[in-house]
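Scroll down for the structure; my scribbles are underneath it.
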Amino acid sequence: MLLIRCPYCEMERPETEFRYGGEAHLVRPLHPAAASDEEWSAFLYLRVNDKGLHAERWRHASGCGRYFNCLRDTITDKISVTYKSGEAPPSL
Amino acid sequence: MPEAVRRSILDGLAMPRNSAAMVAPCPPATRFILRGGREVAASVGPAFGAAPPLEPLRSQTVGARSALWMGPDEWLLIAEDSELALGAALEAALASVPHGLIDVSHRQGALEVSGPGAARLLNAGVMLDLDISAFPVGMVARTLLTKAEIVLWRRAPDLFRVEFSRSFGPYVVAILAQAASDQDLC
Numbered sequence: 001m002l003l004i005r006c007p008y009c010e011m012e013r014p015e016t017e018f019r020y021g022g023e024a025h026l027v028r029p030l031h032p033a034a035a036s037d038e039e040w041s042a043f044l045y046l047r048v049n050d051k052g053l054h055a056e057r058w059r060h061a062s063g064c065g066r067y068f069n070c071l072r073d074t075i076t077d078k079i080s081v082t083y084k085s086g087e088a089p090p091s092l
Numbered sequence: 093m094p095e096a097v098r099r100s101i102l103d104g105l106a107m108p109r110n111s112a113a114m115v116a117p118c119p120p121a122t123r124f125i126l127r128g129g130r131e132v133a134a135s136v137g138p139a140f141g142a143a144p145p146l147e148p149l150r151s152q153t154v155g156a157r158s159a160l161w162m163g164p165d166e167w168l169l170i171a172e173d174s175e176l177a178l179g180a181a182l183e184a185a186l187a188s189v190p191h192g193l194i195d196v197s198h199r200q201g202a203l204e205v206s207g208p209g210a211a212r213l214l215n216a217g218v219m220l221d222l223d224i225s226a227f228p229v230g231m232v233a234r235t236l237l238t239k240a241e242i243v244l245w246r247r248a249p250d251l252f253r254v255e256f257s258r259s260f261g262p263y264v265v266a267i268l269a270q271a272a273s274d275q276d277l278c
């Protein structure tokens, strides 16, 4: 069982309370109708799929209900830091 | 004309107990989910009687009124008295601030778990550290009891209130009953 620190609850909570939310820091085109097909498909489908440190969204679904971001190593599954939505990823 | 009868989802269920802990149903209560920013918490306090706490996982109780922190912009308001006009009074107090106020009185049921073995009994399904130093009196957390989402609230060192979604009532009771009998065997 992983313990994940929720930045809103400010405590470590069991993994089963959380849901994975995909890659973090994706920016939706401000005017989707004006975006080219390439820009739109990149937003919808293209992901970095990094091996190693990965910025991703998680939701504290059975807790405070909030989305937050974290840096997780996709090789070791170790979550090194979690931070609130809207904050810049901390440099490690 | 047939009379309306108030039925609890827990009617007819045997309440779990063992040598160190006992479970009892809570009487019906009025409940609201309040959503909004800090100004919402400040506006609703005087009308409700208890000010919604801004500190995570804390609660504020004044008399029969309790405000429980659910999230950074979400509170559960529980009124254990029966003032029918409470919703209208809260709406009036919130009229000038953007907010969401939803009556969830009938969405949820509640149990009280008490006794020196209450924390141990709950820990059969709750994965949080319920030691008094880690989960002090007044602390509240929405969490899981095995598969059921609950709101766990410590009201006294040996007294917890468990709020559950109505349809999960029999499941929550069954989990606690199994744990109560298991823990008496060891």
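Residue numbers (the numbering used here), protein chains in the order written: chain S, 1 to 92; chain A, 93 to 278. The beta-carbon is built from N, C-alpha and C at its ideal position, and this holds for glycine as well.
By the criterion of a C-beta distance shorter than 6 angstroms, A/A211 is surrounded in its chain by L222, once the five residues flanking it on both sides are discounted.
Counting every other CB atom within 10 Å of its CB across the protein chains shown gives A/A106 a total below 16, marking it as exposed. With a 10 Å radius around the Cβ and a threshold of 16 neighbouring Cβ atoms, S/G86 comes out exposed. Under the Cβ criterion of 9 angstroms, A/G128 is not counted among the residues facing chain S.
Within the model, the alpha-carbon separation for A/H191 versus A/R127 is close to 6 angstroms.
Between S/Y83 and S/N69, the alpha-carbon positions lie close to 5 angstroms from each other. Among the bridge pairs identified by DSSP, S/H54 is matched with S/R72. At a cut-off of 9 angstroms between beta carbons, S/S91 makes no contact with chain A.
Taken in chain order, the whole beta strand (DSSP E) runs of length 3 or more contained in the segment 129 to 158 of chain A are 151 to 154. In this structure, A/A139 sits away from A/L176, with a CB-CB distance that is not shorter than 9 angstroms. Within chain A, the residues P148, L149, A233 have their CB atoms less than 8 angstroms from the CB of S/C9, given in chain order. A/M114 is bridged by DSSP to A/R109, A/S206. With contacts defined by Cβ atoms closer than 9 angstroms, A/V196 and A/L168 form a contacting pair.
Taking a Cβ-Cβ cut-off of 7 angstroms, the neighbours of A/M162 in chain S comprise C64, given in sequence order. Note on A/N110: 16 or more other CB atoms within 10 angstroms of its CB, so buried under the neighbour-count rule.
Bounds of the alpha helix (DSSP H) holding A/I267 are 261 to 277. Chain A has a Cβ within less than 9 angstroms of the Cβ of S/T16.
A/T235 has A/I242 as its beta-bridge partners, per DSSP.
Given a length threshold of 4 residues, each whole run of the alpha helix (DSSP H) inside the segment 22 to 66 of chain S is given here in chain order: 37 to 45. Taking the Cβ atoms as the reference, A/G141 lies roughly 6 angstroms from A/G155, within the contact range of under 8 angstroms.
The segment 27 to 37 of chain S and the segment 54 to 65 of chain S do not touch, with fewer than 3 CB-CB distances between them shorter than 8 angstroms. In the same chain as A/A112, and ignoring 5 residues on each side of it, the C-beta atoms closer than 6 angstroms to its own belong to G207, P208, G209, in chain order. Listed along chain S, the residues sitting closer than 8 angstroms to A/E166 by beta-carbon distance are C64, G65. A distance below 9 angstroms separates the beta carbons of A/P164 and S/R66. By a beta-carbon distance limit of 8 angstroms, A/R247 contacts A/V229. Their separation comes to about 7 angstroms.
Using a Cβ-Cβ cut-off of 9 angstroms, A/E241 counts as an interface residue toward chain S, since at least one Cβ of chain S sits closer than that to its own. Of the residues A/G104, A/M114, A/M93, A/R123, the one whose Cα lies closest to the Cα of A/F256 is A/R123.
Cβ contact annotation for S/L44 (same chain, cutoff 8 angstroms, sequence separation greater than five): none.
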